[in-house]
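Chemist: Sequences listed follow chains P and U, in order. Take any residue in the first sequence, count from 1 to its spot, add 127: that is its number in the numbering used here. Take any residue in the second sequence, count from 1 to its spot, add 127: that is its number in the numbering used here. Ideal placement from N, C-alpha and C gives every residue a C-beta, glycine not left out. Dumping the structure here so I can ask a few things about it.
2 protein chains.
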Amino acid sequence: MVYELAADPSSFKEKKVITIGIVSELTGLSERQIRYYEERKLVFPERTPGGSRRYSFVDVEQLVEIANKIEDGVQTYEIRQEMIKEKKKHKDEAHKKMIQGQLNARFGVRKY
Amino acid sequence: MVYELAADPSSFKEKKVITIGIVSELTGLSERQIRYYEERKLVFPERTPGGSRRYSFVDVEQLVEIANKIEDGVQTYEIRQEMIKEKKKHKDEAHKKMIQGQLNARFGVRKY
DNA sequence: ACGTTTGTGTAAGAAAACCTAACATGATTT
DNA sequence: AAATCATGTTAGGTTTTCTTACACAAACGT
């Protein structure tokens, strides 16, 4: 079994630091579109104390994917359903991995 | 001889996308300090069409280093000199590497 | 020792960027 | 036919950023 590297939580790619104007520039989407996709629960920017949205590079990448799907005629609602399924899958995998880890800890091959 | 991988130019780490407010938050430096270090030619943010500064994660890292040196009593002027020397060194290395490449191309061991 | 540079804070006024809410509209769905 | 979707646009308001200027203690150079 192959273990992936744990995603570095301090990773730059996930840091929410980009303003909507720049996101618009990077993606080619209008600010209206970007805010609308948030309304449809497809992206989740953070906010500054003052209330301005801040996105990560991962968000930017996802926005591009979303835009592509929409261009292919997929509705935001469907995209959202896909996302939920994806998330569930990942959760299940994580769960399985955890169980596996516990089994290994008790009965598995010792690595030391 | 070991060749490094060419730095991905589309790398997010080098993309200038962060506003000064966020940089201030990330580094703990005041906006005044950040602008001053630019005045002393230690950082080089890009500008939006409207004139707002945009920094990269690399810039952020460098700002932290700069701040540390200053805290150690090093003056911006000296820091700048170090930077210039560093840059020259890299340029020389690149130059040497290029020459080496040309020599290899003519007289070196063929790789095919 | 004295004048100068350094590094930083703060204030003022203006411009840029962002926010929400609302109305409009053509295309799809239902 | 009515409702929903996806997007544009406008309006008024707030936040963020910009430059310039003045202040001042600490460090530096001569």
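1) Please return the same chain residues whose Cβ sits closer than 8 Å to the Cβ of phenylalanine 171 of chain P, not counting the five positions on each side in sequence.
2) Within 8 Å (strictly less), CB to CB, does phenylalanine 234 of chain P reach chain U?
3) Could you say if the stretch 192-207 of chain P and the stretch 144-157 of chain U meet the contact criterion of at least three C-beta pairs nearer than 8 Å?
4) Checking 8 Å against the spacing of the C-beta atoms, do serine 183 of chain P and isoleucine 149 of chain P come in under that value?
5) Using C-beta distances below 8 Å, list every residue in its chain close to glutamine 189 of chain U, excluding the 5 sequence neighbours before and after it, in chain order.
6) Does arginine 167 of chain U come out as helix, strand or coil in the three-state DSSP assignment?
7) As a quick exercise: from P/Arg167, P/Glu152, P/Lys224 and P/Glu173, pick the residue whose alpha carbon is nearest that of glutamate 141 of chain P.
8) Name the chain U residues whose beta carbon is nearer than 7 Å to that of lysine 218 of chain P?
9) Can you give the Cα-Cα distance for serine 151 of chain U and arginine 162 of chain U, rounded to whole angstroms?
10) When you check each C-beta in the stretch 175-186 of chain U against every C-beta of chain P, which residues fall closer than 8 Å?
11) If you draw a straight line from the C-alpha of tyrosine 130 of chain P to the C-alpha of glycine 228 of chain P, how long is it?
12) Contact defined as beta carbons within less than 8 Å: I believe arginine 180 of chain P pairs with isoleucine 147 of chain P. What is the distance between those atoms, to the nearest angstrom?
13) Starting from glutamate 241 of chain U, follow its DSSP beta bridges and name the residues at the other end.
14) Please report the distance separating the alpha-carbon of lysine 215 of chain U from that of lysine 224 of chain U.
15) Using a C-beta to C-beta distance shorter than 9 Å, which residues of chain P count as neighbours of threonine 203 of chain U?
16) Using 8 Å as the limit for Cβ to Cβ distance, is valine 144 of chain U near chain P?
17) Excluding the five sequence neighbours on either side, which residues of its own chain have a C-beta within less than 7 Å of the C-beta of isoleucine 193 of chain U, listed in chain order?
18) Return the CA-CA distance between lysine 143 of chain P and leucine 153 of chain U, expressed in angstroms with no decimal places.
19) For valine 150 of chain U, report the span of its alpha helix (DSSP H) as first-last.
20) Should valine 185 of chain P be listed as close to the ligand MN, given that the test is whether its C-beta is under 7 Å from any heavy atom?
Modeler: Taking the definition as stated:
1) Within the first sequence, residue 171 of chain P is the residue found at index 44, counting from 1. Counting only Cβ-Cβ distances below 8 Å, and skipping sequence neighbours, we find Glu165 and Asp186.
2) Counted from its first residue, the first sequence places residue 234 of chain P at position 107. No, its Cβ sits nowhere closer than 8 Å to a Cβ of chain U.
3) Touching, no, given that fewer than three Cβ pairs across the two stretches are closer than 8 Å.
4) One-based indexing of the first sequence puts residue 183 of chain P at position 56. One-based indexing of the first sequence puts residue 149 of chain P at position 22. It is not a contact, given that the beta carbons lie outside the stated cut-off.
5) Numbered from its first residue, the second sequence carries residue 189 of chain U at position 62. Excluding sequence neighbours, glutamine 189 of chain U sits near Leu169 and Val170.
6) In the second sequence, the residue the question calls residue 167 of chain U occupies position 40. In the structure shown, arginine 167 of chain U sits in coil (DSSP, three-state: anything other than H, G, I, E or B).
7) Here residue 141 of chain P refers to the residue found at position 14 of the first sequence. Looking only at P/Arg167, P/Glu152, P/Lys224 and P/Glu173, the smallest Cα-Cα distance to glutamate 141 of chain P is reached by P/Glu173.
8) Start at 1 with the first residue of the first sequence, and residue 218 of chain P comes out as number 91. None at all; the shortest Cβ gap to chain U is about 27 Å.
9) Counting from one through the second sequence, the residue named residue 151 of chain U turns up at place 24. Counting from one through the second sequence, the residue named residue 162 of chain U turns up at place 35. For serine 151 of chain U and arginine 162 of chain U, the distance between alpha carbons rounds to 10 Å.
10) Taking 8 Å as the Cβ-Cβ cut-off against chain P, the residues of the stretch 175-186 of chain U that qualify are Thr175, Arg181 and Phe184.
11) Numbered from its first residue, the first sequence carries residue 130 of chain P at position 3. Numbered from its first residue, the first sequence carries residue 228 of chain P at position 101. Unreliable placement is indicated for tyrosine 130 of chain P, whose pLDDT of 49 sits below 50; the coordinate value is still reported in the next sentence. Spanning the two alpha carbons is a distance of roughly 11 Å.
12) Residue numbering aside, residue 180 of chain P sits at position 53 when the first sequence is read from its first letter. Residue numbering aside, residue 147 of chain P sits at position 20 when the first sequence is read from its first letter. Yes, they are in contact, since the Cβ atoms of arginine 180 of chain P and isoleucine 147 of chain P sit about 5 Å apart, within 8 Å.
13) Because chain U is modelled from 128 through 239, residue 241 of chain U falls outside the range shown and cannot be assessed.
14) Here residue 215 of chain U refers to the residue found at position 88 of the second sequence. Here residue 224 of chain U refers to the residue found at position 97 of the second sequence. Straight-line Cα distance between these residues: approximately 14 Å.
15) Counting from one through the second sequence, the residue named residue 203 of chain U turns up at place 76. What threonine 203 of chain U touches in chain P: nothing, since even the nearest Cβ is about 25 Å away.
16) For the purposes of this step, residue 144 of chain U is taken as residue 17 along the second sequence, with counting starting at 1. At least one chain P Cβ lies under 8 Å of valine 144 of chain U.
17) Within the second sequence, the letter at position 66 stands for residue 193 of chain U. The residues are Tyr164, Leu169 and Ile206.
18) Mapped onto the first sequence, residue 143 of chain P falls at position 16. Mapped onto the second sequence, residue 153 of chain U falls at position 26. The straight-line gap from Cα to Cα measures roughly 11 Å.
19) Working through the second sequence from its first residue, we reach residue 150 of chain U at position 23. Run containing valine 150 of chain U: 147-154, per the alpha helix (DSSP H) assignment.
20) Within the structure as shown, the ligand MN is missing, as the structure has no ligands at all.
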